[in-house]
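Chemist:
Residue numbers (our numbering): 13 to 671.
#1: Under a Cβ-count criterion, where at least 16 other Cβ atoms within 10 Å of its own Cβ denotes burial, should residue 268 be classed as buried or exposed?
#2: Identify every run of the beta strand (DSSP E) within the stretch 419-476, keeping only runs that are complete inside it and at least 3 residues long; order them along the chain.
#3: What distance in whole Å lies between the Cβ atoms of residue 339 and residue 358, which are believed to be in contact at a cut-off of 8 Å?
#4: Please name the residue, chosen from 172, 232, 110, 82, that lies closest to residue 250 on a Cα-to-Cα basis.
#5: The beta strand (DSSP E) with residue 63 in it runs from where to where?
#6: Could you check where the beta strand (DSSP E) with residue 299 kicks off and where it finishes?
#7: Is it right to say residue 368 is buried, meaning 16 or more other beta carbons lie within 10 angstroms of its own, or is it exposed?
#8: Pop quiz: residue 598 and residue 176 are said to be a contact at Cβ under 8 Å. What is the actual Cβ separation, rounded to whole angstroms?
#9: Helix, strand or coil for residue 307, going by three-state DSSP, please let me know.
#10: Could you have a look at residue 348 and say whether DSSP puts it in helix, strand or coil?
#11: Return helix, strand or coil for residue 567, following the three-state DSSP convention.
#12: Report the partner residues of residue 109 according to the DSSP bridge assignment.
#13: To the nearest angstrom, report how far apart residue 520 and residue 426 are at their CA atoms.
#14: Helix, strand or coil for residue 280? Go by DSSP, reduced to three states.
#15: Quick check: the Cα distance between residue 281 and residue 460, rounded to an integer number of angstroms?
#16: Would you please state the rounded distance, in angstroms, between the beta carbons of residue 430 and residue 438? I believe it to be under 8 Å.
#17: Scan the stretch 161-185 and note each continuous beta strand (DSSP E) run of 3 residues or more that stays entirely inside, going in chain order.
#18: For the beta strand (DSSP E) holding residue 369, just list the boundary residues, first then last.
#19: Put residue 585 into one of helix, strand or coil per three-state DSSP.
#20: Since residue 540 sits in a beta bridge, which residues does DSSP pair it with?
#21: Here's a check: name, in chain order, each residue in its chain whose Cβ is nearer than 6 Å to the Cβ of residue 301, leaving out the five neighbours to either side.
#22: Buried or exposed for residue 217, going by 16 or more other Cβ atoms inside 10 Å?
#23: With a threshold of 16 other CB atoms inside 10 Å of the CB of residue 545, please say whether the residue is buried or exposed.
#24: Helix or strand or just coil, what does DSSP make of residue 148?
#25: Hey, residue 106 and residue 370: beta-carbon distance below 7 Å or not?
#26: How close, in whole Å, do the beta carbons of residue 58 and residue 76 come, if the pair is a contact with beta carbons under 8 Å?
#27: Counting only the same chain and skipping the five closest in sequence on each side, list residues whose C-beta sits under 8 Å from that of residue 583.
#28: Between the alpha carbons of residue 561 and residue 208, how many angstroms are there, rounded?
#29: State the beta-bridge partners of residue 512 as determined by DSSP.
#30: What are the residues that DSSP puts in a beta bridge with residue 316?
#31: Does the stretch 288-303 come close enough to the stretch 155-173 to have 3 or more Cβ pairs within less than 8 Å?
#32: What number of angstroms, rounded off, separates the C-alpha of residue 516 from the C-alpha of residue 327?
#33: Which of the three DSSP states, helix, strand or coil, is assigned to residue 492?
#34: Would residue 416 and residue 379 qualify as a contact pair, given that the criterion is a beta-carbon distance under 7 Å?
#35: In or out: residue 70 buried (at least 16 other Cβ within 10 Å) or exposed?
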């Protein structure tokens, strides 16, 4: 596993040139401020990148928070790895709200860097000014790459048992020596005015200072002691992890043109190496800290995705309300090559973003229950207190089905698409108010999204019913997104007869009040799956099923349930006797575990004594084929029976060996 990390200011200069020559991809911009203005007063634009490359996905991540592209004009979310085909083009955060006193709009958003950036690298001070200087930005223009296996080996070989044979020749990785557990810059031996704990680390001697020679290490929960449902301790996830920190205060907001917020964002991208659907997934965790002194009312956190699924010009999008899942799929059964980009060909896949966890709802001092009088959740009266946001009723969110006070968090509360281009309603945004409109499910012109058609009021196929979720299909049976109003049909791009195109979509959570010092989390997962049949929506059905596994992984605190490592088997041959030695290495996941021995046995059956019982409605042959093993030995093979013509209800009959 090799992580590619590079840093180049020249890349950014080349990027600015590329934008001018690719207007078809990036759309129009009406901003007058360009990159030169954005870098004139402080921090330079982020320039470091690293590759998340732990499983069947190769994803490029940038230190400014944008990801899945090469900062020029090429997608960099390759799946399957090595295929040369990419499922995503861009992912960025959008944050917006109004000053509770002055009503000034403050937005931090990022897209293609065409007009500058809204995010810079590094942590902000903790004095209330939320400031940072160019030197600090430059020092934190990095992405730290670490693996769980590196940390496990470090703890074993540096702290627990250096004499273990597995530790022969061991050297401590540089990333562990230089892990940014505390601020990098120091003055007179003291850390500057920043949070003293930065990147998560296990503080073995509880002195508050990261020191690998004290056996401190990047904090993976190696012993599975943390219950993420009740413990908000920051720690690392995945088999392989990228960690970095960025902010919206390092310079002038060149992308949105908006006033800054003072957000510090500690991010990690991670993945797992498995042999199931999780091997096609990547995950993202953001800890968002408001370092400013301004309270933002009606605040929203959003995730912007430019999901170019192979060829970028023939896609549809949609969402699953209950899963909190936005997805893209092909407009037909064949994804052709276009503009020098490889398509996925026949039976193209689908890819989606699961909005697992959003910000806290405003505190009210009670354990939240279903309130039919709350207009934001809809006047739906058919639910009980214990089923308000349960998956069974198709409504997403976290903490709504327990008795814990003020632990409720949003899931995906809005889903809206927009198109590549400069149209006045549902195309690329370019100003702070337009970004803020999209995270609230309004269009660029401040008109509210409505159900049907393309969602723009007054256009073909639309209704007058206000909608929070575009193209939900059959995933909102309680009409949560229409405030309990039944629109009378299932809205999808296919149903609306829309032309496929270059789609982008925004998932967001809010409204809520963002107070100074508030700490929120945003957790996302990208899920990819491919069906073997058409229509193209078959891949959506498959990616939904894969997303259920992603959701279970999230609910299990991102702990993959691995079985025990296989033991090493050695055989000693004696006279008419074999002795088997089963041992576990010290690096295995079940080293020195307690065990109980169960002696094996091989039952001996005559053919006529093998019991077979079955329902009279199912035909089970009395005898199955016998495989001649030679030497008078035989092996009964298994047979699968289909119940009443339904393969889903099949039964497998297993037969033992006989001699």
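Even glycine gets a Cβ: it sits at the ideal position worked out from N, Cα and C.
Modeler: In this structure, then:
#1: As a first step, residue 268 must be located in the chain shown, where it is residue number 256. Burial state of residue 268 is buried, judged by a 10 Å Cβ sphere holding 16 or more other Cβ atoms.
#2: Whole beta strand (DSSP E) segments, 3+ residues: 426-431, 462-464.
#3: Taking the chain shown and counting its residues from 1, the one referred to as residue 358 is at position 346. Taking the chain shown and counting its residues from 1, the one referred to as residue 339 is at position 327. Contact doesn't hold; Cβ gap of about 20 Å is too wide.
#4: Within the chain shown, numbered from 1, the residue matching residue 250 stands at position 238. Taking only the C-alpha atoms, the option nearest residue 250 is 232.
#5: Within the chain shown, residue 63 is the residue found at index 51, counting from 1. In the DSSP assignment, residue 63 falls within the unbroken beta strand (DSSP E) covering 60-64.
#6: The residue given as residue 299 occupies position 287 in the chain shown. Start and end: 294-302.
#7: Taking the first residue of the chain shown as position 1, residue 368 is located at position 356. With 16 or more other Cβ atoms inside 10 Å of its own Cβ, residue 368 counts as buried.
#8: Looking up residue 598 in the chain shown gives position 586. Looking up residue 176 in the chain shown gives position 164. Rounded to whole angstroms, the Cβ separation of residue 598 and residue 176 is 5 Å, and the two are in contact under 8 Å.
#9: One-based indexing of the chain shown puts residue 307 at position 295. Three-state DSSP puts residue 307 in coil, outside helix and strand.
#10: As a working mapping, residue 348 is identified with position 336 in the chain shown. Coil at residue 348, not helix or strand.
#11: On the chain shown, position 555 is the one that residue 567 refers to. Residue 567: helix per DSSP, three-state reduction.
#12: If you number the chain shown from 1, residue 109 lands on position 97. Answer by DSSP bridge pairing, in chain order: 118.
#13: Start at 1 with the first residue of the chain shown, and residue 520 comes out as number 508. Start at 1 with the first residue of the chain shown, and residue 426 comes out as number 414. In this structure, the alpha-carbon of residue 520 lies about 5 Å from that of residue 426.
#14: Here residue 280 is taken as the residue at index 268 of the chain shown, counted from 1. Three-state result, residue 280: strand.
#15: Reading the chain shown from its first residue, position 269 is the one you call residue 281. Reading the chain shown from its first residue, position 448 is the one you call residue 460. The alpha-carbon atoms of residue 281 and residue 460 are separated by roughly 34 Å.
#16: Within the chain shown, the letter at position 418 stands for residue 430. Within the chain shown, the letter at position 426 stands for residue 438. Between residue 430 and residue 438 the beta-carbon gap is near 5 Å, inside 8 Å, which marks them as a contact.
#17: Segments of the beta strand (DSSP E) lying fully in the stretch 161-185: there are none.
#18: For the purposes of this step, residue 369 is taken as residue 357 along the chain shown, with counting starting at 1. Where residue 369 is concerned, the enclosing beta strand (DSSP E) stretches over 362-369.
#19: Here residue 585 refers to the residue found at position 573 when the chain shown is read from its first residue. When DSSP states are grouped into helix, strand and coil, residue 585 belongs to the strand group.
#20: Locating residue 540 in the chain shown gives position 528, where the first residue counts as 1. Bridge partners of residue 540: 363.
#21: Residue mapping note: residue 301 aligns to position 289 of the chain shown, counting from 1. If you ignore the 5 residues before and after residue 301, its C-beta comes within less than 6 Å of the C-beta of 276, 531, all in its own chain and listed in chain order.
#22: In the chain shown, the residue the question calls residue 217 occupies position 205. Exposed: under 16 other Cβ atoms inside 10 Å.
#23: Indexing the chain shown from 1 puts residue 545 at position 533. The residue is exposed, with fewer than 16 neighbouring Cβ atoms inside 10 Å.
#24: Against the chain shown, residue 148 aligns to sequence position 136. Looking at residue 148 - three-state DSSP - the assignment turns out to be helix.
#25: The residue labelled residue 106 in the question sits at position 94 within the chain shown. The residue labelled residue 370 in the question sits at position 358 within the chain shown. Not in contact: residue 106 and residue 370 (Cβ atoms no closer than 7 Å).
#26: One-based indexing of the chain shown puts residue 58 at position 46. One-based indexing of the chain shown puts residue 76 at position 64. Sure, about 3 Å apart at Cβ, within 8 Å.
#27: Counted from its first residue, the chain shown places residue 583 at position 571. By the criterion of a C-beta distance shorter than 8 Å, residue 583 is surrounded in its chain by 590, 591, 592, 593, once the five residues flanking it on both sides are discounted.
#28: Against the chain shown, residue 561 aligns to sequence position 549. Against the chain shown, residue 208 aligns to sequence position 196. So the two alpha carbons sit approximately 37 Å from each other.
#29: As a position in the chain shown, residue 512 is number 500, starting the count at 1. Beta-bridge annotation (DSSP): residue 512 is not paired with any residue.
#30: The residue labelled residue 316 in the question sits at position 304 within the chain shown. Answer is 104, 518, bridged to residue 316.
#31: Three or more Cβ pairs closer than 8 Å define a contact, and the stretch 288-303 falls short of that threshold against the stretch 155-173.
#32: Looking up residue 516 in the chain shown gives position 504. Looking up residue 327 in the chain shown gives position 315. Going from the Cα of residue 516 to the Cα of residue 327 covers about 10 Å.
#33: To locate residue 492, count along the chain shown from 1; it is residue 480. Annotated three-state conformation of residue 492 is helix, per DSSP.
#34: Position 404 of the chain shown, counting from 1, holds the residue named residue 416. Position 367 of the chain shown, counting from 1, holds the residue named residue 379. The Cβ-Cβ distance between residue 416 and residue 379 falls below 7 Å.
#35: As a position in the chain shown, residue 70 is number 58, starting the count at 1. Under this definition residue 70 is a buried residue.
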